[in-house]
Structures are given as C-alpha cells and as structure tokens.
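Each remark here refers to the structure printed beneath this line.
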Amino acid sequence: IRFSETNQTQNIDGPVFSDTKSYGASAQLDYEFGGGYTLTSISAWRRWDTIDGLASDNSPNNLLNVNFADFRQRQWTQEVRVASPTGGKVDYVAGLFYFDSHVQSESTQLFATVPLPFFRRMVNNDATTENMALFGQANFHVTDKLTLIAGGRLLREEATADKIRRDVVFNLTDSASAEKSDDAIVWRGGAQYRFNDDVMAFATAARGYKGGGFDT
C-alpha cells in the first residue's frame, strides 16, 4: 500500500462491511374546539437496523477476523397537548408525553488464536427504555411589552438491560441484568421585553435532565 493523505486502502484480509437501514413515520392531528383551544396529537415511530463486521486485528493475518453484529432498534412516541388561545393576559400549552424504545443485538466473535474462555463467543443484548412526562408552559403578559415565562416537566424514566454470553468452545455461559428508574422535575423560567416592533430582548434559565444508560 502506498501511504498518502488520500489513500483509504487497508491491508486487511477479513470481512469489513456495514449495511444500515433506517425508517420512520409520524402523524399529527390538530383539532380546534370552542374558545380558541387546540388539541394536538403527535404519534411517531422509528426503526433502525444495521449489520456490520470488521477484522479486529487490522492486519492481513487471520487472527481476529470473525467479529460481526446484527443490531435492531425500535421506538415510538406519543404526545397529546392542548394549547390555549392567544391574545389575552395568559396563554399556555400543557400535555402528556410517552416514549418507548427497544434495542436488541446479536454478535459473534470467533478469535481462534486466543485460547482463553469467552474469546470465541456469541452475545445477546436486550435493552428497553420508557419515558413518561407531564409538561406545561405559560406566558404571562404583564404589559403589552413585558412577558414572563414559566414552564415545567414532571417525568419518570425506566430502563432495563440484559446480556447473555455463550462460549461455543469451552461450553460456558454467563449473564447479567440491570434496571433503573428515575423521577425528575425540570423547569424553565424567563422574561421578554419588546421595546418596539423591531427590537425585543429576552433572558431564560432552564434545568434539564439526561437519562442514564447501560453499557452492555
């Protein structure tokens, strides 16, 4: 191989590949009823599949060549919210949110040159995540120029992970499982001031939440 900045060639004898497919769909339904209120429903679904492999030794020798995985992820979300009419002293939006995700993977690693347990193995991983939330935000129009903003979200997240390893040579099996649940309250507050039709200033502060996960 002639090395250069533009040459991507590698001297590897094992299969290196990646086949990925991604799908998604969403639907939104809006219904306006008396008094200027709007009810909105948003449903969404996503799917992600990938099969990939690599020669872990990164060499022209058959040392760690068999290393591939089949990975599948599915998720769907549902949000239902109501929005108040605008133009008065107070306008707001409030609703419910639900998220569900499921991840499965099956991997095979056959490293025949390493005569130790679990270097020739098949691994199954299974993980789930659920997130449920109640949320709302309101704008308080103190004057024609000054608006105060206040919002919050009460959420609960639950996650599980399961792993099974099988050594196909030493006839060994081990497994591990874990689960967690979190409750959190996040918020947002601020103010905006409109000096004229062309100039507006605002400041906001918010507290967020990032759910943990498991490295299987």
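According to my numbering, the stretch in the sequence shown is residues 663 to 878, in order.
Note that the Cβ used here is the ideal one computed from N, Cα and C, for glycine as well.
Run through the DSSP bridge pairs and tell me what S688 is partnered with.
A706
Mind reading off the beta-carbon distance from F876 to A789? Whole number of angstroms is fine, and I expect it under 8 Å.
6 Å
Where the beta strand (DSSP E) through H835 begins and ends
Checking the sequence, you will find Thr at residue 835 rather than His. 834 to 856 is the extent of the beta strand (DSSP E) around T835.
Taking the beta strand (DSSP E) that N786 falls in, what are its first and last residues?
782 to 803
Kindly indicate which three-state DSSP category G696 falls into: helix, strand or coil?
helix
Beta carbon of L808, beta carbon of F802: below 7 Å?
no
Cβ pair S684, A706 closer than 7 Å:
no
Thinking just about the alpha-carbon of each residue, which of G852, L816, K872, D806 is nearest to the one in N858?
D806
Inter-residue Cα distance where the pair is S746 and A863:
24 Å
Determine the closest residue to V776 out of E819, T671, F832, with distance taken between C-alpha atoms.
F832
Could you give the residue range of the beta strand (DSSP E) that holds A823?
808 to 829
How long is the line joining the alpha carbons of E694 and W738, rounded to whole angstroms?
25 Å
Let me know if T748 comes out buried or exposed under the rule of 16 or more other beta-carbons within 10 Å of its beta-carbon.
exposed
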